[in-house]
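Novice:
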Amino acid sequence: MSRQWGIKTALSVLVFVSLFPYLFMLTTSLKDNLQFAENYWVPTLPFHWENYSAAWEQIRPYMVASVVVAAAAIVLIIAFSLVAGFVLARYSFPGRTFFFVMIAALMMVPSISSLIPLFVMMRDFELLNTYPVLIIPHVAGGVVIGTILMKTFIEGIPQELFDAARVDGAGGVRLFLSIMTPLSLPVIGTVALITINGVWNDFFWPLLTITENELRTVSVGLLFFQGQSGTEYGPMFAGYLLASVPLLVLFTFLSKYFLAGVQGGLPGSH
Amino acid sequence: MATTAGTPVAAPPAEAPPGGPRRRARISWAAYLALLPLLVVLALFQYYPALNGIVRSFWDWNPGQVSTFVGLDNYAKMMDDAIWWRSFRNLGYIFVFGVVSWVIPLVAAELLITLRSQRAQFVYRTLLIVPMAFPGVVTALVWSFMYHPNNGVINRALTAIGLESWTQNWVGDPSYALWSLLFIGFPFIAGLPFLIFYSTLQNIPREIFEAAALDGVGRIRRFWTIDLPLMARQVRLLFFLAVIGTLQYGFMAYIVTSGGPDNSTMVPVLRMINVAFQGQDWGYAATLSTTLFVFTLVLSAVVVFVRRSDPASTNVRGLR
Numbered sequence: 001m002s003r004q005w006g007i008k009t010a011l012s013v014l015v016f017v018s019l020f021p022y023l024f025m026l027t028t029s030l031k032d033n034l035q036f037a038e039n040y041w042v043p044t045l046p047f048h049w050e051n052y053s054a055a056w057e058q059i060r061p062y063m064v065a066s067v068v069v070a071a072a073a074i075v076l077i078i079a080f081s082l083v084a085g086f087v088l089a090r091y092s093f094p095g096r097t098f099f100f101v102m103i104a105a106l107m108m109v110p111s112i113s114s115l116i117p118l119f120v121m122m123r124d125f126e127l128l129n130t131y132p133v134l135i136i137p138h139v140a141g142g143v144v145i146g147t148i149l150m151k152t153f154i155e156g157i158p159q160e161l162f163d164a165a166r167v168d169g170a171g172g173v174r175l176f177l178s179i180m181t182p183l184s185l186p187v188i189g190t191v192a193l194i195t196i197n198g199v200w201n202d203f204f205w206p207l208l209t210i211t212e213n214e215l216r217t218v219s220v221g222l223l224f225f226q227g228q229s230g231t232e233y234g235p236m237f238a239g240y241l242l243a244s245v246p247l248l249v250l251f252t253f254l255s256k257y258f259l260a261g262v263q264g265g266l267p268g269s270h
Numbered sequence: 001m002a003t004t005a006g007t008p009v010a011a012p013p014a015e016a017p018p019g020g021p022r023r024r025a026r027i028s029w030a031a032y033l034a035l036l037p038l039l040v041v042l043a044l045f046q047y048y049p050a051l052n053g054i055v056r057s058f059w060d061w062n063p064g065q066v067s068t069f070v071g072l073d074n075y076a077k078m079m080d081d082a083i084w085w086r087s088f089r090n091l092g093y094i095f096v097f098g099v100v101s102w103v104i105p106l107v108a109a110e111l112l113i114t115l116r117s118q119r120a121q122f123v124y125r126t127l128l129i130v131p132m133a134f135p136g137v138v139t140a141l142v143w144s145f146m147y148h149p150n151n152g153v154i155n156r157a158l159t160a161i162g163l164e165s166w167t168q169n170w171v172g173d174p175s176y177a178l179w180s181l182l183f184i185g186f187p188f189i190a191g192l193p194f195l196i197f198y199s200t201l202q203n204i205p206r207e208i209f210e211a212a213a214l215d216g217v218g219r220i221r222r223f224w225t226i227d228l229p230l231m232a233r234q235v236r237l238l239f240f241l242a243v244i245g246t247l248q249y250g251f252m253a254y255i256v257t258s259g260g261p262d263n264s265t266m267v268p269v270l271r272m273i274n275v276a277f278q279g280q281d282w283g284y285a286a287t288l289s290t291t292l293f294v295f296t297l298v299l300s301a302v303v304v305f306v307r308r309s310d311p312a313s314t315n316v317r318g319l320r
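Top line first, the protein sequences correspond to chains A and B. According to the UniProt record's numbering, the stretch in the first sequence is residues 1 to 270, in order. According to the UniProt record's numbering, the stretch in the second sequence is residues 1 to 320, in order.
(1) Between M63/A and chain B, is any beta-carbon pair separated by less than 8 Å?
(2) Report yes if the CB atom of F197/B is closer than 8 Å to the CB atom of L106/B, and no otherwise.
(3) Say whether the segment 7-20 of chain A touches the segment 180-189 of chain B, bearing in mind that this needs 3 or more beta-carbon pairs closer than 8 Å, one atom from each stretch.
(4) Have a look at P37/B, F183/B, V302/B and D262/B and flag the residue whose alpha-carbon is nearest the alpha-carbon of V83/A.
(5) Step through the CB atoms of chain B and report whether any lies within less than 8 Å of the CB of residue 276/A.
(6) What residue does the alpha helix (DSSP H) around G198/A start on, and which one ends it?
(7) Thinking C-beta only, is G146/A closer than 8 Å to V191/A?
(8) Hey, how far is the Cα of T265/B from the Cα of V218/A?
(9) Using Cβ-Cβ distances below 9 Å, what residues of the segment 4-19 of chain A are close to chain B?
(10) Within this structure, are the beta carbons of G98/B and A242/B separated by less than 8 Å?
(11) Please state whether DSSP places P21/B in a helix, a strand or coil.
(12) Just reading off the alpha helix (DSSP H) that V144/A is part of, what are its end residues?
(13) Under 7 Å between beta-carbons, which chain A residues line up against I189/B? List them in chain order, please.
(14) Can you tell which of L177/A, V101/A and S29/A has the C-alpha that lies nearest to the C-alpha of A165/A?
(15) Looking at the C-beta of Q46/B, does it have a partner C-beta in chain A at a distance below 8 Å?
(16) With a threshold of 6 Å on Cβ separation, who are the neighbours of S289/B within its own chain once the five nearest residues in sequence on each side are excluded?
(17) Just reading off the alpha helix (DSSP H) that I7/A is part of, what are its end residues?
(18) Kindly indicate which residue of L299/B, V306/B and A157/B has the alpha-carbon position closest to the one of P110/A.
(19) Which of the three DSSP states is assigned to F95/B in this structure?
(20) Could you check how far apart the C-beta atoms of V220/A and F203/A are, in whole angstroms? I think they sit under 8 Å.
(21) Is there a Cβ from chain B that is less than 8 Å from the Cβ of M25/A?
(22) Closer than 8 Å by beta-carbon distance: list the chain B residues that pair up with A84/A, in chain order.
(23) Buried or exposed: which applies to S29/A, given that a residue is buried once 16 or more other Cβ atoms fall within 10 Å of its Cβ?
(24) Could you check where the alpha helix (DSSP H) with R116/B kicks off and where it finishes?
(25) So which of T97/A, T181/A and V67/A has the shortest CA-CA distance to M150/A?
(26) Let's test the definition: count the other Cβ atoms within 10 Å of the Cβ of R22/B and tell me whether it reaches 16, buried, or not, exposed.
(27) How long is the line joining the alpha carbons of L270/B and F162/A, rounded to whole angstroms?
(28) Does T167/B come out as helix, strand or coil in the three-state DSSP assignment?
(29) Among the residues of its own chain, which have a CB less than 7 Å from the CB of A253/B, if the five just before and after it don't count?
(30) According to a CB-to-CB cut-off of less than 9 Å, which residues of the segment 122-148 of chain A neighbour chain B?
(31) N155/B versus chain A: which residues are under 8 Å apart at the beta carbon?
(32) One question on the structure: do E110/B and L201/B come within less than 8 Å of each other, judged by their Cβ atoms?
(33) If you draw a straight line from the alpha carbon of N197/A to that of G162/B, how long is it in whole angstroms?
(34) Measure the alpha-carbon distance for R174/A versus T27/A and round it to whole angstroms.
(35) Let me confirm a value: K69/B is counted as buried when at least 16 other C-beta atoms fall within 10 Å, else exposed. Which label applies?
(36) Assign I220/B to buried or exposed, taking buried as 16 or more other Cβ atoms, counted over all protein chains shown, within 10 Å of its Cβ.
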């Protein structure tokens, strides 16, 4: 049996080329400027781990802001979309299809197209430079995909479970809290991942609505971070890597859901 | 999706009491009440801004001050806006290049499914898509470092192999800036096209490949006669998604080139933002935004239509 070395070599070359910029970032993040000037290509001793603490000092507020925004958005999105998904999947009432179509139609509205009017609205509400201005668009966007995913998932839960609970005297609220929510944990996790990914990649909205350094999220903060550290490449790349850690960790441990999230955000995929 | 008929809802089977209609009405009200918070959020932060943007595209919009209705003036201005149309030409290049670049993920996916060891397949697949896990901004910043005129990897590498005369100010020169943007993320494997190509090829039943091999069909011929036709639906879908994705293209250009030099990398999203935030011309920005919105909406509708008419589109086994 051949070991398929040719194919493996070709794939290894592709892997190396794909990862090269990130590997270069990793090795350079451990250098001081002298090492960077003298040994541009290869890693050299000693490793300057202090680049990471220097970088952390600067990006900490950005990370905190991103975590706060992501956490608040996740809680709100799940609260809204779990209730709506449950009602839409398990109750029949006049207008049910209409409401669902009104929600699902928003999948086709790109967030970039409401950027300008939404910005003006937030300025009128005097919400610029606050947490709500960062959180609201993520919630407004996330509940759409959230509701669709939840509804689809809840429809797949066997009706017998609900019937059995009803016979035992459970009401709508009890059904929701004791049966549906625990069963929906996988889809809750997917929605949370999509939201985190969205917060870490959102760029124009925080760029335009936030001018206070303390409130900048990671994606925008890194731009200003670059300006502050000037030509100190080590701490700069260390900062980029630290900012990537949350997504890298999620990718490593939850890659299946991560990929589902990437594909789930597409129009027409449900 | 949609209507799961046969999932009887609401009325509890245990107690089908007299006065059923009354109970049903009560449940309806509870349902509306439960949906209310979501509907308020969507009305306020999705429907209102989107509609307001369309309405304001017909106004000389001065938020907080006096706005005047100007009819189609903004649209007339758009028709004459050379930068706006140039930005669409750039989008055209970005789109065509993007589609052509699928060759590399396609080859990578073909190589990958040829591996016999499942474990090796998993390792290579994971390594190939690692760049997807980095925030887009980090990728943009790392690549703008790659293009740095003095310390950048590309110019340093050219110097190191004696091709110093080939070094360029990649993102600062109008004749190279767009090319530099296009090559960000080379070799373009970490992305949706690769994932879709790979999962499609994986889902093709092994027996088909074995039968083809028995009939003496070579690797190249198999690609053209079996793999590609079985992927046609996915390629069509990817194609539409790429159109929509390209229309939203913006933040890479903002970070790496800011649309410059000399508007050579201007894209519609950046033009819209510049008009609004630097020009303070909100009505005209709303016009540009509405135009982009309409383009995207039409194309999204096409995507949904294609997928609907095509229930097996993500599962090739469904073909059998």
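C-beta atoms are modelled at their ideal positions from N, C-alpha and C, and glycine is treated no differently.
Specialist: For this structure:
(1) no
(2) yes
(3) yes
(4) P37/B
(5) Here chain A comprises residues numbered 1 to 270, so residue 276/A is not present and cannot be evaluated.
(6) L185 to N201
(7) yes
(8) 25 Å
(9) Cβ contacts with chain B come from Q4, I7, K8, A10, L11, S12, L14, V15, V17, S18 and L19.
(10) yes
(11) With a pLDDT of only 42 at P21/B, under 50, the local geometry of the prediction cannot be trusted, and the value read off the model is given with reservation. The answer is helix: DSSP assigns P21/B an H, G or I state.
(12) Its alpha helix (DSSP H) spans residues Y131 to E155.
(13) L14 and S18
(14) L177/A
(15) yes
(16) Answer for S289/B: G53 and M272, listed in chain order.
(17) W5 to T28
(18) L299/B
(19) helix
(20) 7 Å
(21) Yes, its Cβ sits closer than 8 Å to a Cβ of chain B.
(22) For A84/A, the chain B residues whose C-beta falls within less than 8 Å of its own C-beta are A34, L35 and L38, listed in chain order.
(23) buried
(24) No alpha helix (DSSP H) holds R116/B; DSSP gives it neither H nor E.
(25) T181/A
(26) Note that R22/B scores 44 on pLDDT, short of 50, meaning its location in the model is unreliable; the coordinates nonetheless yield the value given after this. It is exposed - the Cβ of R22/B has fewer than 16 other Cβ atoms within 10 Å.
(27) For L270/B and F162/A, the gap between their C-alpha atoms comes out near 51 Å.
(28) coil
(29) L181, G259, T265, V267 and L270
(30) R123, D124, I136, P137, V139, A140, G141, V143, V144, T147 and I148
(31) Near N155/B there are no residues of chain A at all, since even the closest Cβ is about 11 Å away, more than 8 Å.
(32) yes
(33) Spanning the two alpha carbons is a distance of roughly 42 Å.
(34) 55 Å
(35) Residue 69/B is actually Phe in this sequence, not Lys. Under this definition F69/B is an exposed residue.
(36) exposed
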